[in-house]
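Encoded as structure tokens, the structure appears first; notes follow it.
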Amino acid sequence: MTQEREPRRRFLQQVLAIVPASTLAAGAAVSQTGCTGQPAQTGTAASANPPKPYTPTYFTEAEWKFVAAAVDHLIPADQYGAGAIEAGVPEFIDRQMETPWGHGQLWYMQGPFHPDVVPELGYQINQTPRDVYRHGIAACDAWCKQQHGKVFVDLDKPLQEQVLKDLDSGKIAFDNVPSRTFFNFLLSNTKEGYFADPIYGGNKQMAGWKMVGFPGARADFADWTDQPNVKYPYGPVSISGEKG
């Protein structure tokens, strides 16, 4: 492994160690649609019947373009692996908007809300994740148009990256939603979509798992429990049975 690859790989390994909140939130609502009992297509059959392009169910066309442009910065493709776009992260995020998590059904949402208190008290704004995305994207596009004459997706890439950094640091203020809250949702969901099981829409062809050497949902590791420090030789397997 080269020195250049180590920071990216270490970052992705650290992300994989975190249980993805929105993946858990999807729960049965998504897993029932993903685990249909039908075997995954492989080989010639998969090539003859390529999947249709995904059509977002929650995001508008403009919002969809924003999400794609943003996640492309957060996990870009490089010579060592696929980026967020190739891994289907925008699809993962769109699907999450229609889960109990996206609708805020897993939290107490009646108030009172105290957004300026310590983070240990949990989520403290009156907007569901899908509302945070809708208001955050609209506010960011309005800010970009006011400051630079163009919406976010029409800015050049270095300027897009600077806008994302300013959202992360809170330098940009929005009226309807805290800019840092919006960015944190976007960043967390991008990481989750890159590593979640493919049944949730992201991690296409298990690109994230391959990057860090994660074997996925293989059922039996008994032959390897007494072989410490031996590299596992097989590729990952998804819950649906797809092999990488």
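First residue of the sequence shown: -11, per the working numbering; consecutive thereafter. Glycine residues also receive a C-beta, built at the ideal position from the N, C-alpha and C atoms.
Applying the 10 Å Cβ sphere with the 16-neighbour rule, what's the burial state of residue 107?
Exposed, since its Cβ has fewer than 16 Cβ neighbours within 10 Å.
If we count the other Cβ atoms within 10 Å of its Cβ and call it buried at 16 or more, is residue 225 buried or exposed?
Label assigned to residue 225: buried.
Are the beta-carbon atoms of residue 140 and residue 57 separated by less than 9 Å?
Closer than 9 Å, so yes.
Distance check for residue 203 and residue 227, CA to CA, integer angstroms please.
So the two alpha carbons sit approximately 11 Å from each other.
Would you verify that the beta carbon of residue 152 is, or is not, closer than 9 Å to some beta carbon of chain B?
The chain labelled as chain B is not found in the depicted structure, where only one protein chain is given.
Given residue 101, which residues of its chain have a CB within under 8 Å of its CB, disregarding the five upstream and five downstream residues?
The residues are 112, 113 and 114.
Closest to residue 208 by CA distance: which of 195, 121 and 222 is it?
The shortest Cα separation from residue 208 among 195, 121 and 222 belongs to 222.
By Cβ distance below 8 Å, which residues in the same chain neighbour residue 123 in space, the five residues on each side in sequence not counted?
These residues qualify, in order along the chain: 115, 162, 164, 165 and 170.
I think residue 121 touches residue 86, with their Cβ atoms under 8 Å apart; what is that distance to the nearest whole Å?
Actually they are not in contact, since the Cβ atoms of residue 121 and residue 86 sit about 12 Å apart, beyond 8 Å.
Using a Cβ-Cβ cutoff of less than 7 Å, which residues in the same chain neighbour residue 55 once the five nearest sequence positions on both sides are dropped?
Counting only Cβ-Cβ distances below 7 Å, and skipping sequence neighbours, we find 47, 78 and 81.
Can you grab the Cα-Cα spacing for the pair residue 71 / residue 84, in whole Å?
Using only the alpha carbons, I get a separation of about 19 Å.
Considering only residues of the same chain and omitting the five flanking positions on each side of residue 233, which have a CB-CB separation below 7 Å?
Given a span of -11 to 232 for the chain in the structure shown, any question on residue 233 remains unanswerable.
Considering only residues of the same chain and omitting the five flanking positions on each side of residue 74, which have a CB-CB separation below 7 Å?
Closer than 7 Å at the Cβ level, and outside the excluded window around residue 74, lie 65, 192 and 195.
Can you give me the C-alpha to C-alpha distance between residue 273 and residue 42, rounded to a whole angstrom?
The structure shown does not extend to residue 273, since the chain is modelled only from -11 to 232, so the question has no answer here.
Relative to the C-alpha of residue 219, which candidate in 230, 201, 232 and 206 has its C-alpha closest?
Out of 230, 201, 232 and 206, 201 has the C-alpha closest to the C-alpha of residue 219.
Secondary structure at residue 204, three-state DSSP: helix, strand or coil?
Residue state, collapsed to three classes: strand.
Are there 16 or more other CB atoms within 10 angstroms of the CB of residue 215, so buried, or fewer, so exposed?
Classification for residue 215: exposed.
Restricting to Cα atoms, I'd like to know which of 69, 125 and 119 is closest to residue 49.
Closest by alpha carbon: 125.
Rounded to whole angstroms, what's the CA-CA distance from residue 147 to residue 136? Just pull it up for me.
Residue 147 and residue 136: Cα-Cα distance of roughly 9 Å.
Can you tell me whether DSSP reads residue 225 as helix, strand or coil?
Of the three classes helix, strand and coil, the one that applies to residue 225 here is strand, per DSSP.
Sort out for me which residues DSSP pairs residue 231 with in a bridge.
Answer is 225.
Would you check if the distance between the CB atom of residue 185 and the CB atom of residue 210 is smaller than 9 Å?
In this structure, residue 210 does not lie closer than 9 Å to residue 185 by Cβ.
For a minimum of 4 consecutive residues, which ranges assigned as the alpha helix (DSSP H) are wholly contained in the stretch 59 to 143?
Within the stretch 59 to 143, the complete alpha helix (DSSP H) runs of at least 4 residues are 77 to 84 and 117 to 136.
Can you give the beta carbon distance from residue 44 to residue 52, rounded, assuming they're within the 8 Å contact cut?
Contact holds; Cβ gap of about 5 Å.
Determine whether the beta carbon atoms of residue 190 and residue 69 lie at a separation below 9 Å.
No, the pair does not count as a contact, with Cβ atoms beyond the cut-off.
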